[in-house]
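Peer 1: Got a structure for you, questions after.
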Amino acid sequence: MESPPRHAGAPPDPAAAAGQPLRIYYARGGRVGRLREPPDCPWDALCRQVREAGFNLLLTDPLWLRAPGSADSPVPLDLDRPDPGFDDGPELEASLRRLAARGADRGVAVLMDLVLDRVAVGPDAARHDPDWYRAPAHDPARDPRTALAERGVRHLRAGPLPPAFIHAWSERLARWLDAGLGGFRCDAPQRIGADDWHALLAPLRAAFPDRLFLAWTPGLDPQQVKALRRAGFDAVFSSLPWWDFKSTWLAEEHARLQAVAPVIASAPDTAAGLPDAQALRALWAAAVSGDGIMIADGIDTRPEAYAQLNAWLCAMPPAGPLRVAGGGDGRCSVLVRQDAATGPADGGARVLLANPAADAPARVDWDRIGRLLPAGALELDGVPAELRLRGDALGPGAAAVFTVKPARPVQVPATGRRAGPRAQRGARIAVENVAPAVDGGLFAAKCVAHDRVRVQADIYTDGHEKLAAQVLWRAADETEWRSAPMRELANDRWEAHISPCRVGRHEFLVSAWRDTWQTFRADLVKKRDAGQDLQADLLDGAALLRDALARGQDMASDEVVLAPLKAALEAGPGADPAQRAAALLDDGVAAAMHALSDKPFHYLSPAPYPLWVDRPLARFASWYELFPRSQAATPGVHGTFDDVIARLPEVRDMGFDVLYLPPIHPIGRTHRKGPNNSLESLDDDVGSPYAIGAPEGGHDAVHPELGTLADFLRLVRRTREHGMEIALDFAIQCSPDHPWLARHPDWFERRADGTIRYAENPPKKYEDIVNVSFYGSSGRRARKSSLWLALRDIVLFWIEHGVRIFRVDNPHTKPLPFWEWLIGEVQGRHPDVIFLSEAFTRPKMMYRLAKVGFTQSYTYFTWRNTRRELTEYLQELSSAPAADFFRPNFFVNTPDINPYFLQTSGRPGFLIRAALAATTSGLWGVYSGFELCEFQPVPGKEEYLDSEKYQLRQRDWQAPGNIIAQIARLNAIRRANPALQTHSGFNALESGNEQVLCFWKATPCLGNVVLAVISLDPHEPQTARIEAPFWLLGQPDHGVLQADDLLADTREAWHGKWREIPLRPEQPYRLWRLSAHD
């Protein structure tokens, strides 16, 4: 079909042209009034109000003529005549032209609702071909079950649209756009196919590139939403008005919608009539969750609130994915919209805390909230006073809003390891067993930005004197120390919490002293309660106050601090002893004395304890590994980076955060491996990507058949746009053709016959690979500094090209000092860089690699299959000391490992391993093909037959029997439940069946509790009899727990703690979120 001619039309909206968010005010034309000439035209007044309130778009319901008695129905009776309630003119086009001009004069673009799939029954039949619409099968007017809006309505026939229909509507819409309309909101978009939408909209876009076509999508199911991806809409709408402020479906819907177009969030139509707190909660939920907003009617009720909200939204950067953690048991819900990725590092975020209850306060659980936030400082710029958080609770129906602004990472040069802790000789106060302290502080403990890091120590002294203690902490590039008071627990154990918000190296000290005033207070209370004479003690107390006042005056302390002491001293010796004692025991006096303490026998840690703060992706991420060369759609054709880009929507839809690529560098020809690791290869064999280096280049080059460096950069950028990051393989090994062998022969160790030994891991041999030598071969065996620097520079090269995650191949076969140096060098410049250790080796070496700097590690999970094996291993990893420095990444398979369990288990086994990995660790990974349940092994080995390491392997990604939907659901459950976003917190429960693993995980303050029951038997049904953790949530054994079934998306009440859970091979796991109350 030919494109409509390009018309002048109205000028584009300047705010929209500047890329600002769509801010829509929705008005029902019949309620506004008639379009009259100024100055008494209600539309003029409305456009002025809309603009003053910060909106840039005015959307109206259809302004065409409707059937008599159907004013609330959008169905047209005559598309060429205006509704008489809007205008009494003869032609709708002329009326729209006048209205658009009024809006343009006020700086507001006018849009109108569009209904294509229905017409009213009438003599004009909306001037359409009668064959386009089907007549009702019966007379709906005689059927009381038929909604009023459906009576006298004809619906579009099913199937592709007739070309004449598209042509007629294209011409009509072009005339309306030429009249100045800014675009349309398309009703019921699912009733027209995406190809038909594209055919209708494409020519209009060519003629009117500045106009908007929005799709009304609330309530559409996942398949209907997915079908709209090809339609070409500018924006879609969320179902936010129907959200209960605690369910997690909002984030799942948002992810589906965002794959189609930017998401507009609208407040419910009833928001204008809600109490202030609830109205603000609804309005700001829309502002935080949407790429744009729509407010319906009621502009007179809160114009200032609308203006402030719109100004705040305009100041926000483009946003990325939405995450929701629902509230329960008196806790607030959390809604986090992270900034769209514009660079390799994490951006900021906008955050809404919402109390879902209208009749009770809600607690703010920072342990749960912190796990959802990116690194950065919490700020309140532009947030109304009513929405600023005060304290740790929200009032009934209330909300709080803040933003997370990216904070500069802690960039400091690597300074080597901290000296081991040294006791202060002669110290009167003993401080021992400081935690977290890896190997006594020799290595850094690890956390994530916004974690509430629990610092503990044993602190005690001689006698009965009271002690005071605090933790001093700072980022390594700061000079000032921050302090957090420690509180005594039991058995001389003390505790404080600190919460770093910047990524990089931090440090802390433990400070303790004898608290003279608290000792005096405790003794005074005991003597007073025993009825003893207090005269001497009161004089002692007064003397302590005078000493403190003198110190305060010397330090020029604030009068606010000194005033309580002066007031206490006013009760002189002649006053009643009880009054004098009460004055000395006043809490204000205690606070002032603490501030002015001279800290007798002060202890301070001899050296700081190191703490490394990572970004959230270091602890919580779902990894997907693929070989780019196998992604071409045509069998036998070598894939490219553009083929990977084509697959990004599929990977994102499964819920993955990290796309991991094996080496992408040129592959050597010498001793190139053939299929199945054969020593013989043909000219068209692709070889192993781990044989790095060819005449085209080495580790800083791209394999030519994959594309160019520019193509790779485009892949990096598009991956970020899909809400994921690229992880690149860093394999320190070379093919015999690597340029380094000619340029730097001294980097390689030669055998006695002058040849270079190829790589071996007896009995395995890698004839296509040679290894570098990190140290000299004689004398002091000094490090080969030029090689070390070259390897560092390779990592820095890829960082400069957008990569921030590296999976390191076989790090346990390279020197530990090298890794400690390289990671320190890289993270000193780029603290947000993540290193994953692929070290399947001895446990102590795996742990040591984590201590010297690796962020994450592969594990033995692949070989833990029985309930006992899994329980013991998970308890080890989730508890100190390992949990303080070692983060497990549970890959269910790898190109090198085709587990025996999966070779014999069929599809149920893949479901079992996916559930185990996804629920027990915050980090899990899948090598492509797992979702298709691939298992064909080399007989007798844990290797894949026709391994992708040596040949191309194209797949049918929708092959029957796949578990794509199950993986996507597991990842959605992980995102919605902070308890599953870490390896910590694993607690095994007895299942009464060796073939069933049962456990619960929870956030520290129990704001999120998840119960998992997983069968380990892929062949037979199993049943578990479990004792649900009623005690954990404060319920008696005969009480009631609310259990949200996370797979079925249903809720049930559990009466009594004993539950019998049946499991089948086709559904071998069950997951619930538990709470004590609705």
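Numbering-wise, the sequence shown is residues 1 to 1078 according to UniProt numbering.
Here a beta-carbon is modelled for each residue, glycine too, at the ideal position from N, C-alpha and C.
Computed from a prediction, not measured in an experiment: that's the story for all the values here.
#1: Once DSSP output is grouped into helix, strand and coil, what is the label at A1076?
#2: Can you tell me whether DSSP reads E507 as helix, strand or coil?
#3: Tell me, which residues are paired with P937 by DSSP?
#4: Does any residue of chain C have a CB that is nearer than 8 Å to the CB of A571?
#5: Mapping the DSSP letters down to three states, classify C998 as helix, strand or coil.
#6: Please confirm if the stretch 622–631 is in contact with the stretch 912–925, defined as three or more CB-CB distances below 8 Å between the two stretches.
#7: Please name the residue in A135, H738 and G107 whose C-alpha comes closest to that of A120.
#8: For my contact list, L240 and L204 are in at a C-beta cut-off of 8 Å; report their separation, rounded to the angstrom.
#9: Go through the stretch 819–886 residue by residue and report every complete run of the alpha helix (DSSP H) that reaches 4 residues or more, in order.
#10: Is the number of C-beta pairs between the stretch 448–464 and the stretch 543–555 that are closer than 8 Å three or more?
#11: Are R487 and W494 close, meaning C-beta to C-beta below 8 Å?
#12: Once DSSP output is grouped into helix, strand and coil, what is the label at P76?
#13: Here's a check: name, in chain order, each residue in its chain whose Cβ is nearer than 6 Å to the Cβ of R48, leaving out the five neighbours to either side.
#14: Tell me, which residues are paired with E171 by DSSP?
#15: Kindly confirm or deny that the stretch 715–728 and the stretch 658–671 touch, where touching means at least three C-beta pairs closer than 8 Å.
#16: What's the C-alpha gap between T987 and S879?
#17: Buried or exposed: which applies to W747, given that a residue is buried once 16 or more other Cβ atoms fall within 10 Å of its Cβ?
#18: Taking buried to mean at least 16 other C-beta atoms within 10 Å of its own C-beta, is W242 buried or exposed?
#19: I need the DSSP call for G420, collapsed to helix, strand or coil.
#20: In the DSSP output, what is P1062 paired with across the bridge?
#21: The alpha helix (DSSP H) spanning S785 covers which residue range?
#22: Do Q532 and P577 have their C-beta atoms within less than 8 Å of each other?
#23: Which ranges would you report for the alpha helix (DSSP H) in the stretch 542–578 if only whole runs of at least 4 residues count?
#24: How about P817 and S837: are their beta carbons less than 8 Å apart?
#25: If distances are taken between C-alpha atoms only, which option among H1038, Q631, C501 and A400 comes closest to C447?
#26: Leaving out five residues before and five after D392 in sequence, what residues of the same chain have Cβ atoms less than 8 Å from its Cβ?
#27: With 16 as the cutoff for other CB atoms within 10 Å, does K1001 come out buried or exposed?
#28: Let me know if P635 comes out buried or exposed under the rule of 16 or more other beta-carbons within 10 Å of its beta-carbon.
#29: If I'm right that I756 touches A731 with Cβ under 8 Å, what's the distance once you round it to whole angstroms?
#30: State yes or no: is the C-beta of K226 nearer than 7 Å to some heavy atom of the ligand SAH?
#31: Within 10 angstroms of the Cβ of H506, are there 16 or more other Cβ atoms? Answer buried if so, exposed if not.
#32: Return the chain-ordered ranges of every beta strand (DSSP E) run that is complete within the stretch 441–496 and spans a minimum of 3 residues.
#33: Where does K226 sit, in a helix, a strand or coil, going by DSSP?
#34: Helix, strand or coil: how does DSSP classify S499 here?
#35: Give the range of the beta strand (DSSP E) segment to which M593 is assigned.
#36: Check I293 in the structure and name its three-state DSSP category.
Peer 2: With the structure as the only source:
#1: coil
#2: strand
#3: Y944
#4: Absence of chain C from the displayed structure is noted, only one protein chain being present.
#5: strand
#6: yes
#7: A135
#8: Going by Cβ atoms, the distance from L240 to L204 rounds to 28 Å, so no, they are not a contact pair.
#9: 843–851 and 867–878
#10: no
#11: yes
#12: strand
#13: R106
#14: DSSP output for E171 lists no bridge partner at all.
#15: yes
#16: It should be noted that the sequence gives Asn, not Thr, for residue 987. Taking the straight line joining both Cα atoms gives about 10 Å.
#17: buried
#18: exposed
#19: With a pLDDT of 46 at G420, under the threshold of 50, the modelled position of this residue cannot be trusted; read the value that follows with caution. G420: coil per DSSP, three-state reduction.
#20: T1023
#21: S785 to E800
#22: no
#23: 559–570
#24: no
#25: C501
#26: R363, V364 and W366
#27: buried
#28: exposed
#29: That pair is no contact at about 17 Å.
#30: Among the ligands in the structure shown, none appear at all, so the ligand SAH cannot be discussed.
#31: buried
#32: 445–448, 453–460, 467–475 and 482–485
#33: helix
#34: coil
#35: Per DSSP, M593 belongs to no beta strand (DSSP E); it is in the alpha helix (DSSP H), D587 to A595.
#36: strand
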